[in-house]
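Q: Structure incoming, see below.
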Amino acid sequence: MAGRTGRLLPLEAELIACAVELARDGAPEFHGFAIAKQIRDRTGARSLTAHGTLYKALGRLERSGLLESRWEEPEAAAVASRPRRRLYRVTENGERELARVRSAERQVSPLPRPSTATS
Amino acid sequence: VTRLSRLARRIAISWSALYTAGLPEEPRERRRAEVSADVDAHLADGRERWERPTRTALAVLARSLRGVVHDLVWRSQVTRGPGRETPAETRGRDALAAALWASAALAPIAAGFAKLPDLNGLARASHAYQLSHAVSQYPLVELAFAIVILGAVGTAVIALFTLGLFWSKTAGIAWRSRRRDLTAPVVEIAASVLGVVVAFGILAWSYSMLSRAQRISNAPTPSWRMAFLIAWAMLCTAAVVLVTRGLTRLVRRAPLDAITGQDLTILAVALSSSVVLSLVGVACWGVAMLAQAPSALSAIPAGGWAAMLALVIVTLILAVRALRRCPLHELRGGTSDASDSPPALRR
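One line per chain: the protein sequences are Y and L, in this order.
When we follow this note's numbering, the leftmost residue of the first sequence carries the number 1, and every step to the right adds one.
When we follow this note's numbering, the leftmost residue of the second sequence carries the number 1001, and every step to the right adds one.
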């Protein structure tokens, strides 16, 4: 079998796009629920992305080098009296990949792609 | 924090504890902590927005429920090693999961009518529903029976579609290497039609078996009938398990790099069509029943109607989602070769 190649899934592209938007709004790092909310708001979906779908996508993007992550400082979580969050950030590769995907989409079809953000 | 919110949080966290059990420490603890933090953030967000706690709790539960398939797939990936799933595989699994959900949703609808059809039923009205009459004194057994049988048939149909897709893809690639004027979609559509024919053959065969089984179900004592039904249900369950396992292995081992979004579009359209056809079939079935036994419908309680309506809606939503998932823009683009795909996400 040839090398296993692929493309960004619609949810993954949407996820990176939302993360880039958050970064532009001054939040370069995001946690799972925040990005789920952003995706819902951006796509106009009624429901938030499911836990399993979201964290599987985040994990895959991180393994692909399009996202990087770290645990939140324990003090920050303790002050807010909540569990520690895993914070993600889009890498330069991630931004490049998103730009490439968007460019390829425009070449393939002039129509906007259907929203598939939630599972 | 209401009781329902606490319950929703507990269910979501318990589910994450369950599907991560036995995994290596790093992925296990990370997933559990992420889900826990997510659920807390979700509930806190609902409080900040003055959302009704019940609504927030139900949303948390829905997110857990909708992610079940991906949770299990993720566990499977962690167990067998990272980095082996391609986007095509993920799409295939999504389409498959939607179709399985739809099949599972259709079965109780049919069970709601509390009858199993006989192909010759219209001609032999008085004997058409002997089997269901024999079972009707055990409503739960009847329900399980219908779910298992229709689940088995649905899974077999889906398996055939998937198999047809992979086979036709392989055949199409081989064919085009000699005759470049034949496009892959032509081969795939032909294979899908063949798949439908074979699937209906299997359906007819299973109904024929059911007709024969009626003789057994006419056994003199209820305990014999019960024993027969349990044995039949176990057989069908085993068939469902085996087919599902075989299908999963097939999806894992197939040369998925050669499967493009276009192929999955065709698969999704075929699956959605089968769901719609099934719904139409169930509706015709109900009308036929009503014509033969008008009292049967009046025997269905209001809760049963509500459940059936809910299942119809869920099924339609799943069918629409299955269609929306598929990358229709790729069909318009007309690319079908894996070599056309821009390389990305090399792992």
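A virtual CB, placed ideally from N, CA and C, is assigned to each residue, including glycine.
#1: Please report the distance separating the alpha-carbon of Leu974 of chain L from that of Glu73 of chain Y.
#2: Against chain L, which members of the stretch 15 to 35 of chain Y pass a CB distance test of less than 8 Å?
#3: Let me check one thing: in DSSP terms, what residues is Trp1015 of chain L bridge-paired to?
#4: What's the gap between the Cα of Arg24 of chain Y and the Cα of Glu1034 of chain L?
#5: Go through its chain and collect everything with a Cβ distance to Arg85 of chain Y's Cβ below 6 Å, but skip five positions before and after it.
#6: Do the CB positions of Pro83 of chain Y and Ala1037 of chain L come within less than 8 Å of each other?
#7: When the Cα atoms are used, what is the spatial distance from Leu1065 of chain L to Gly59 of chain Y?
#8: Return the chain-ordered list of same chain residues with a C-beta closer than 8 Å to the C-beta of Ile16 of chain Y, the five sequence neighbours on each side being excluded.
#9: According to DSSP, which residues form a beta bridge with Ser129 of chain Y?
#10: For Arg1031 of chain L, go through chain Y and note every residue whose CB falls closer than 7 Å to its CB, in chain order.
#11: Closest Cβ-Cβ distance between Leu48 of chain Y and chain L: below 8 Å?
#12: For Leu1072 of chain L, which residues from the same chain have a beta carbon less than 8 Å from its beta carbon, with the 5 sequence-adjacent residues on both sides left out?
#13: If you follow the alpha helix (DSSP H) that His1042 of chain L is in, where does it begin and where does it stop?
#14: Based on the DSSP output, what are the partners of Phe30 of chain Y in its beta bridges?
#15: Residues of chain Y with a CB under 7 Å from the CB of Trp1074 of chain L: which are they?
#16: What does the alpha-carbon distance come out to for the pair Thr118 of chain Y and Thr49 of chain Y?
#17: To the nearest angstrom, how far is it from the Cα of Ser64 of chain Y to the Cα of Trp1074 of chain L?
#18: Can you grab the Cα-Cα spacing for the pair Ala1062 of chain L / His1070 of chain L, in whole Å?
#19: Using a beta-carbon distance cut-off of less than 9 Å, what residues from the stretch 83 to 108 of chain Y approach chain L?
#20: Take Ser1005 of chain L and list the residues in its own chain whose beta-carbon comes closer than 7 Å to its own, dropping the five residues that flank it on each side.
#21: So is Ser1064 of chain L in contact with chain Y if we call contact Cβ pairs under 8 Å?
#22: Give me the residue from Y:Ala78, Y:Ile39, Y:Ala76, Y:Arg46 with the minimum Cα distance to Ala57 of chain Y.
#23: Since Gly1067 of chain L contacts His51 of chain Y with CB under 8 Å, what's their CB separation in whole angstroms?
#24: Give the interface partners of Gly1022 of chain L over in chain A, defined as CB-CB distance under 9 Å, in chain order.
#25: Using the C-alpha atoms, what's the distance from Ala104 of chain Y back to Trp998 of chain L?
A: According to the structure shown:
#1: A question about residue 974 of chain L goes unanswered here, because the residues of chain L that appear run from 1001 up to 1347.
#2: His31, Gly32, Phe33, Ala34
#3: Answer is none; Trp1015 of chain L lacks a bridge partner.
#4: 24 Å
#5: His31, Glu72
#6: yes
#7: 19 Å
#8: Leu8, Leu61, Leu66, Leu67, Val90, Gly94, Glu95, Glu97, Leu98
#9: Here chain Y has residues from 1 to 119 only, and residue 129 of chain Y is not among them.
#10: Tyr55
#11: yes
#12: Tyr1019
#13: 1025 to 1048
#14: Y:Tyr88
#15: Gly52, Lys56
#16: Summary for Thr118 of chain Y: the model assigns pLDDT 39, below 50, so the residue's position carries little reliability, and this model does not support an answer.
#17: 16 Å
#18: 14 Å
#19: Pro83, Arg84, Arg85, Arg86, Glu97, Arg100, Val101, Ala104, Glu105, Gln107, Val108
#20: Leu1043, Pro1053, Thr1056, Ala1057
#21: yes
#22: Y:Ile39
#23: 4 Å
#24: The structure shown has no chain A; the protein chains it does contain are Y and L.
#25: Residue 998 of chain L is absent from the model: chain L starts at 1001 and stops at 1347.
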